[in-house]
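**Q** In the working numbering, the protein residues as written are 406 to 780.
Where is the CB? At the ideal position from N, CA and C, for every residue including glycine.
Here you go, one structure.
Put into structure tokens, the structure is as follows:
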């Protein structure tokens, strides 16, 4: 008989991203039982606790509570290592917002610690589990575009606005690669497998910005903004597939996501990997003369904002005794590739990727009303 006992969860962090996590984890995924929340700002934790019918506590109290099995970490990247390490040492499974840490060596240390203790470690982004990328995965696995030959991914953002809104983007690990490129690279690795080597040109042309938001307490102040804002990368996957990744945070606020996967029989066009859903399109030339563009039917679940899906899938994996899909192994590999891009920008040469990872198993198409039974 399937073990459907809810996994008891403690949440660390009460910032902007916490609302969608808490809403989905308390209302949508029955495999999760959120018990408590803590935050460096106790008032914020108490506000979230009241809103979602849970309790506020300290991190020490959370780690000491035997019933809590999983920690969901929603703090800024510089805080990740210490929070995750303490949770693992306390015998808790951990799911963290992206990235695991800002340092690949620390991330690998945490993966080894989790393995040594027989614990699960998972990390965002979990958007590759959404309907769009799962539809794309199915098309690739079915050979709809033939043999994959290359890929292209490009993303834009507007740092003038974002750096004024979110102070964590000015912290280590908050550049366009780690904070946003992670969605694109995770999507590509989930579809095409691990990366063998990478190179990039990396720029940070605007070391300061002026806060432009009138409602901000820092309005009009000059902010130090040292993180990278432009990355132009070349990737070679272990399969031999090559591709490019272009990231630009010095552009428009409205993200214009572009991902194309080229094959011998067609081209697959994917939507924004920062989202869970939207259309996947297939371009073919069936009679060698006339192009045909079709939108692929999507039978997979999770087309809306399903943040919290990663912790839920990990909870099911825990109960079923199988690997989780948004795994520490996958996240560490993606982190190493992103770090290699930044290193390449300094050295001006290709960087060999030491780690590898398995492509996550695709999610099954759920039966009606059983979308959360992630087997």
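Out of curiosity, what's the CA-to-CA distance linking residue 649 and residue 677?
**A** Straight-line Cα distance between these residues: approximately 16 angstroms.
**Q** Excluding sequence positions up to five away, which residues of its chain have a Cβ less than 7 angstroms from the Cβ of residue 485?
**A** Once the five neighbours on either side are set aside, the close Cβ partners of residue 485 are 478, 501, 505, 506.
**Q** For residue 565, I'd like the list of residues in its chain whose CB is within less than 8 angstroms of its CB, leaving aside the five on either flank, ordered along the chain.
**A** The residues are 614, 617.
**Q** Tell me which residues share the same chain as residue 652 and place their Cβ nearer than 6 angstroms to its Cβ, disregarding the 5 neighbours each side in the sequence.
**A** Cβ neighbours of residue 652 beyond the five flanking positions: 560, 581, 586, 636.
**Q** Tell me which residues share the same chain as residue 546 and place their Cβ nearer than 8 angstroms to its Cβ, disregarding the 5 neighbours each side in the sequence.
**A** So the list reads 767, once near-sequence residues are dropped.
**Q** Run the CB neighbour count on residue 539, radius 10 Å, all protein chains shown included, and call it buried at 16 or more, exposed below.
**A** Residue 539 comes out buried.
**Q** By the 10 Å Cβ neighbour count, where 16 or more other Cβ atoms means buried, how is residue 461 classified, buried or exposed?
**A** Looking at its Cβ environment, which holds 16 or more other Cβ atoms inside 10 Å, residue 461 is buried.
**Q** Look at the Cβ atom of residue 457, then the Cβ atom of residue 417, and state whether they are nearer than 8 angstroms.
**A** Going by C-beta atoms, residue 457 is not nearer than 8 angstroms to residue 417.
**Q** Would residue 597 and residue 541 qualify as a contact pair, given that the criterion is a beta-carbon distance under 8 angstroms?
**A** Result no, Cβ atoms of residue 597 and residue 541 do not sit closer than 8 angstroms.
**Q** On the DSSP bridge assignment, give the partners of residue 526 in chain order.
**A** In DSSP, residue 526 forms a bridge with 499.
**Q** Kindly indicate the opening and closing residues of the beta strand (DSSP E) around residue 663.
**A** Start and end: 663-668.
**Q** Does any C-beta atom of chain C lie closer than 8 angstroms to the C-beta of residue 533?
**A** Checking the listed chains, one finds no chain C in this structure; it contains a single protein chain.
**Q** What is the DSSP secondary structure of residue 542, reduced to helix, strand or coil?
**A** Three-state DSSP puts residue 542 in a helix.
**Q** Look at residue 526 and residue 733 and say whether their C-beta atoms are less than 8 angstroms apart.
**A** Yes; because the gap between Cβ atoms is below 8 angstroms, this pair is in contact.
**Q** Closest by CA to residue 562, which one among 639, 662, 642, 656?
**A** Residue 656 is the option with its Cα nearest to residue 562.
**Q** Out of curiosity, what's the CA-to-CA distance linking residue 413 and residue 482?
**A** C-alpha separation (whole angstroms): 24 angstroms.
**Q** In angstroms, rounded to a whole number, what distance separates the CA positions of residue 554 and residue 672?
**A** One C-alpha to the other measures close to 10 angstroms.
**Q** Does the Cβ of residue 509 have 16 or more other Cβ atoms within 10 Å, making it buried, or fewer, making it exposed?
**A** By the 10 Å Cβ count, residue 509 comes out buried.
**Q** For residue 430, collect the residues of the same chain with a Cβ closer than 6 angstroms to its Cβ; drop the 5 residues on either side in sequence, then sort them by chain order.
**A** So the list reads 437, 439, 713, once near-sequence residues are dropped.
**Q** Could you tell me the distance, in whole angstroms, from the CA atom of residue 415 to the CA atom of residue 634?
**A** One C-alpha to the other measures close to 34 angstroms.
**Q** Terminal residues of the continuous alpha helix (DSSP H) containing residue 463?
**A** Note, residue 463: premise wrong, no alpha helix (DSSP H); not H, not E.
**Q** Check whether the Cβ atoms of residue 528 and residue 736 lie closer than 8 angstroms to each other.
**A** Contact flag set, yes.
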